[in-house]
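Residue 182 in my numbering sits at position 65 of the sequence shown; the count goes up by one each step and never skips.
Ideal Cβ positions, reconstructed from N, Cα and C, are used throughout, including at glycine.
These numbers come from a predicted model, not from an experiment.
Below is one structure; the comments refer to it alone.
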Amino acid sequence: MAQLPALFAAVAVAFAGSAVTRFAVLRPRPERTLARLRRAFHVRLVFVLDALAEVAEGDAADDLRRAAARLHASALMIQNRLGAGTADAAAIQRRVAEAETAVERLAVLVLRFRSPGTDLDSLTRHLPAREPTGAVDERDAVVLPRLVAELRAVRGALGSASPVEVRDRLLGYRDDEDLPDASPALQDVFRSLGDFAFALFGLRLAAGDDSPAADPPETAQARAELQAQDRGLATARIRPTTRTALQVSIGSALAIAGGELLSPERWYWAVFTCWVVFISTTSTGEILVRGYRRLLGTLAGVATGLALAALIGDDPWLAFALAIGSVFGMYYTSAVSYTLMSFFVTTMIGMLYTLLHVLTPGVLVVRIEETALGIVAGLVAAALVLPVRTRDRTNQQLRTVLDRLRSALATSVARLSGSADGDRLASARALDTALDALRLSVQPLITPVAPMRSRRRTTRSVLGLLETAAFHVRSLAATAEPVPSGVDSRLAAEATRIDHNLEALASRVSGSDGVLARGAGVPALAGGPGRPADTHTTRRALRHLRRLDENVLALARELGVPVCEQP
118 MAQLPALFAA VAVAFAGSAV TRFAVLRPRP ERTLARLRRA FHVRLVFVLD
168 ALAEVAEGDA ADDLRRAAAR LHASALMIQN RLGAGTADAA AIQRRVAEAE
218 TAVERLAVLV LRFRSPGTDL DSLTRHLPAR EPTGAVDERD AVVLPRLVAE
268 LRAVRGALGS ASPVEVRDRL LGYRDDEDLP DASPALQDVF RSLGDFAFAL
318 FGLRLAAGDD SPAADPPETA QARAELQAQD RGLATARIRP TTRTALQVSI
368 GSALAIAGGE LLSPERWYWA VFTCWVVFIS TTSTGEILVR GYRRLLGTLA
418 GVATGLALAA LIGDDPWLAF ALAIGSVFGM YYTSAVSYTL MSFFVTTMIG
468 MLYTLLHVLT PGVLVVRIEE TALGIVAGLV AAALVLPVRT RDRTNQQLRT
518 VLDRLRSALA TSVARLSGSA DGDRLASARA LDTALDALRL SVQPLITPVA
568 PMRSRRRTTR SVLGLLETAA FHVRSLAATA EPVPSGVDSR LAAEATRIDH
618 NLEALASRVS GSDGVLARGA GVPALAGGPG RPADTHTTRR ALRHLRRLDE
668 NVLALARELG VPVCEQP
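Written out as structure tokens, the structure is:
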């Protein structure tokens, strides 16, 4: 009891120090956070463009894939941070989505041009690491340096002082102005380059980085289109939180009881481990994966902590520096690897105990035992108290992804017909979020220690097909524009059939009956009267629908869903 005032004073000082640091010294401001995220997004775009220029010159696409993956991670970070912030957050979120989709489509078209004999659909990880580079004919070889120069020039559009004439020239490619005399594949690359410049211009307008003074014709037209788009935007089961609360409570009780038996002084390590294995997890399989990763990190951290303690001896400053470095590594790797984060946590504990002169091998052995006990307690609670099987969780997430595919497809097709209902890019972003949740749910099935290799292969294949389908739906959402002459009847019919197939897949995943219909195939080109711009818009939509149809039928084969010929 005599120590209670001192303990309360220590807690008050710690709280005051944290509050001063959080709200005074390092006070976060949404505007500054958004500005930093935008700068990071621009840097990632520069890396993608540099890698894309190298691919156009004939280099391999490995750097391009890595740069595109990092760009996607940056875009998702912006989306997550814009939930609460500045007033223009929604507009910037939309324009970031457009820019990311446009540069991804540009990259795919460049890869198709450089590898005409391959069937490239996206930059996702399930594709081969290298593609054979085909020879370029003489006509395209003359135009290729111009493409590389334009890819270098578009980097200037990312700066605050973007040359207006360069932007105007790039925007002209959208309307087939000044297209080079080249093959259709290379001309599509230039058109996509114009779409990317348009998306970048929209991002600049959303951020308020551009003034309308003395716009050239193409820039003025693009500004009017973007402003028009902005004016048209509108803005009985047990709850998962209840289930998690019950599981954590029972798991904590087991951890306290077992931890007290192992070590009356260190029992809280087991309780803490039980808590953290439930963070951002839902199914029993996810908890198992997180638990074994934490145990691996703890084992490595114990060995490293003992080795470092033996090396530094009684030097307190070196132990202090290593403890601070471990704190940095813990937070730096938290989003990269849970095993690494656990490793740095245990290493930090070893250094702190070294500073206190109480580090012994027995203490670190207790650390391992308490960690293992906390993991077992969490697993027992997750398996016995309102359990969620990994299969049920993945099926639920798969149904969500299929529903998001249907929603994004319907919104894009409605946009082609001139309807203003729905935000097509918002539906595409909802699809991305659902796909990320599915990736997390299938981790127990694709982890290297998963026992069933055939199921692991099937899961990876399904995930890859969904990534490709999501790419084409995002591209369709980003490029869909109203066709005044009317939507081609074949396009509408094929979109309806694909929607039916997605619904049938979702029904089979839910345990109901469902049969897919295989039609004559999405036509390669829509004919009929209409303006050239209408034909171009319809052709692009048909191309994405054809690829989406192929991926949906491939999904049916992987999931064992029957396919019948459409009469």
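Assuming S544 and A594 are in contact, meaning their beta carbons sit under 8 angstroms apart, how far apart are those beta carbons, in whole angstroms?
Yes, they are in contact, since the Cβ atoms of S544 and A594 sit about 7 angstroms apart, within 8 angstroms.
Beta-bridge pairing of A323 - partner residues as DSSP gives them
DSSP lists no partner for A323.
Cα-Cα separation between G479 and E377, rounded to whole angstroms:
Put simply, the backbone Cα of G479 is about 16 angstroms away from that of E377.
Close-in-space but distant-in-sequence residues of the same chain around D616 (CB under 8 angstroms, 5 per side omitted)
Taking D616 as the centre and dropping the five residues before and after it, the same chain places the C-beta of R523, L526 and A527 closer than 8 angstroms to its C-beta, in chain order.
Between Q364, T361, E217 and R356, which lies nearest to L317 when the distance is taken from Cα to Cα?
Closest option to L317, Cα to Cα, is E217.
What does the alpha-carbon distance come out to for the pair G628 and L151?
When rounded, the distance between both Cα atoms is 44 angstroms.
Three-state class that DSSP yields for A650 in the structure shown:
The predicted model places A650 with a pLDDT of 46, which falls under 50 and marks its position as unreliable, so this point remains unresolved.
Going by other Cβ atoms of all chains shown within 10 Å of its Cβ, with 16 needed for buried, is H589 buried or exposed?
A residue is called buried when at least 16 other Cβ atoms come within 10 angstroms of its Cβ; H589 meets this threshold and is buried.
Cα-Cα separation between T456 and L676, rounded to whole angstroms:
Going from the Cα of T456 to the Cα of L676 covers about 32 angstroms.
Considering only the beta carbon of each residue, do E487 and T421 sit closer than 8 angstroms?
No, these two residues do not count as a Cβ contact at 8 angstroms.
Under 7 angstroms Cβ to Cβ from L481, same chain only, skipping five residues before and after it: list those, please.
For L481, where only same-chain residues beyond five positions count, the Cβ hits under 7 angstroms are V419, G422, L423 and G467.
What's the gap between the Cα of A708 and the Cα of E667?
In this structure the chain extends from 118 to 684, so residue 708 is not present and cannot be described.
Out of G442, F461 and I492, point me to the one whose CA is closest to V388's CA.
Nearest C-alpha to V388: I492.
Would you tell me roughly how many angstroms separate the C-alpha atoms of L228 and V306, rounded to the nearest one?
Take the alpha-carbon of L228 and the one of V306: they are about 10 angstroms apart.
Mapping DSSP to helix, strand and coil, what is T564?
Note: T564 maps to coil in three-state DSSP.
Could you give the first and the last residue of the continuous alpha helix (DSSP H) run that contains R269?
Segment E255 to V271, the alpha helix (DSSP H) holding R269.
Identify, in the order they occur along the chain, each residue of the same chain with its Cβ nearer than 7 angstroms to the Cβ of P649, setting aside the five sequence neighbours on each side.
Residue confidence is low: P649 scores 48 on pLDDT, short of 50, so the model does not pin down where it sits. Its coordinate-derived value is still stated next. Same-chain partners within the cutoff: there are none.
Please report how far the alpha carbon of D651 lies from the alpha carbon of L223, in whole angstroms.
Confidence is the limiting factor: at D651 the pLDDT is only 49, short of 50, which leaves the residue's position unreliable, though a coordinate-based value still follows. One Cα belongs to D651, the other to L223, and the distance between them is close to 21 angstroms.
According to the neighbour-count rule (16 or more other Cβ atoms, all chains shown, within 10 Å of its Cβ), is Y449 buried or exposed?
Exposed, by the Cβ-count rule.
If you check the beta carbons only, do R614 and L670 fall under 8 angstroms apart?
Cβ atoms of R614 and L670: not closer than 8 angstroms.
Which value, in whole angstroms, describes the spacing of the CA atoms of Y409 and A372?
Cα to Cα, Y409 sits roughly 17 angstroms from A372.
Let me know if F125 comes out buried or exposed under the rule of 16 or more other beta-carbons within 10 Å of its beta-carbon.
When all chains shown are included, F125 counts as exposed.
At 4 residues or longer, and completely inside the region 426–502: list those alpha helix (DSSP H) runs for me, N to C.
Along the region 426–502, the alpha helix (DSSP H) occurs as fully enclosed runs of 4 or more residues at 433–449, 455–472 and 478–501, listed in sequence order.
Cα separation between S380 and T463?
Distance from the CA atom of S380 to the CA atom of T463, rounded to whole angstroms, is 17 angstroms.
Do the CB positions of V220 and L154 come within less than 8 angstroms of each other?
Here V220 is not near L154, since their CB atoms are 8 angstroms or more apart.
When the Cα atoms are used, what is the spatial distance from N618 to A136?
If you take the alpha carbons of N618 and A136, they lie about 54 angstroms apart.
I need the straight-line Cα distance from L582 to L622, nearest angstrom please.
Looking at the two C-alpha atoms, the distance is approximately 13 angstroms.
Is the beta carbon of E267 less than 8 angstroms from the beta carbon of L287?
Cβ atoms of E267 and L287: closer than 8 angstroms.
By DSSP, does A299 sit in helix, in strand, or in coil?
Note: A299 maps to coil in three-state DSSP.
6 angstroms Cβ shell around D180 - same chain, five flanking residues per side excluded:
For D180, where only same-chain residues beyond five positions count, the Cβ hits under 6 angstroms are A168.
Put L672 into one of helix, strand or coil per three-state DSSP.
L672: helix per DSSP, three-state reduction.
Indicate the three-state DSSP secondary structure (helix, strand or coil) for P504 in the structure shown.
Coil.
Which of helix, strand or coil does DSSP assign to E611?
Residue state, collapsed to three classes: helix.
Identify whether E174 lies in helix, strand or coil by the three-state DSSP scheme.
Three-state result, E174: coil.
Can you tell me whether R356 is helix, strand or coil according to DSSP?
R356 falls in the coil class under three-state DSSP.
V626 - DSSP class collapsed to helix/strand/coil
Residue state for V626 is assigned as helix, using DSSP reduced to three classes.
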